[in-house]
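K.L.:
What follows is a single structure, and I will ask about it in a moment.
In full-length UniProt numbering, the protein residues as written are 1 to 95.
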């Protein structure tokens, strides 16, 4: 029992998710600095989820030396049929 609490605390600390990029509206983006653009393409199902999209945005922010907590994105366009092909265009911003 003496070791259970520290082990549990360590597990929670390690398993807690890191900050991820947050989606904002086009209107909100006017108060932010643009970092760059991303374009994601997917063939077939399942469709690109927000988790995967946010991961790509986080990588773009890290490459631009922006912390994920200060990273935001706007989905500019999403084209194609979700069941077979989808293109997503994204603008990436920082605070």
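Just so you know, even glycine gets a beta-carbon here, dropped at the ideal spot from N, CA and C.
Is it the case that the Cβ atoms of residue 34 and residue 72 are separated by a distance below 8 Å?
P.N.:
One-based indexing of the chain shown puts residue 34 at position 34. One-based indexing of the chain shown puts residue 72 at position 72. Not closer than 8 Å, so no.
K.L.:
Does the beta-carbon distance from residue 52 to residue 20 come in below 8 Å?
P.N.:
As a first step, residue 52 must be located in the chain shown, where it is residue number 52. As a first step, residue 20 must be located in the chain shown, where it is residue number 20. Cβ distance not < 8 Å, so residue 52 and residue 20 don't count as in contact.
K.L.:
Considering only the alpha carbon of each residue, which of 95, 93, 94, 75 lies closest to residue 87?
P.N.:
Position 87 of the chain shown, counting from 1, holds the residue named residue 87. Among 95, 93, 94, 75, the Cα nearest to that of residue 87 belongs to 75.
K.L.:
The beta strand (DSSP E) that contains residue 41, what's its start and end?
P.N.:
Taking the first residue of the chain shown as position 1, residue 41 is located at position 41. Unbroken beta strand (DSSP E) run through residue 41: 33 to 43.
K.L.:
Using alpha carbons as the reference points, say which of 90, 41, 36 lies closest to residue 62.
P.N.:
The residue you call residue 62 lines up with position 62 of the chain shown. Residue 62 has its Cα closest to that of 36, out of 90, 41, 36.
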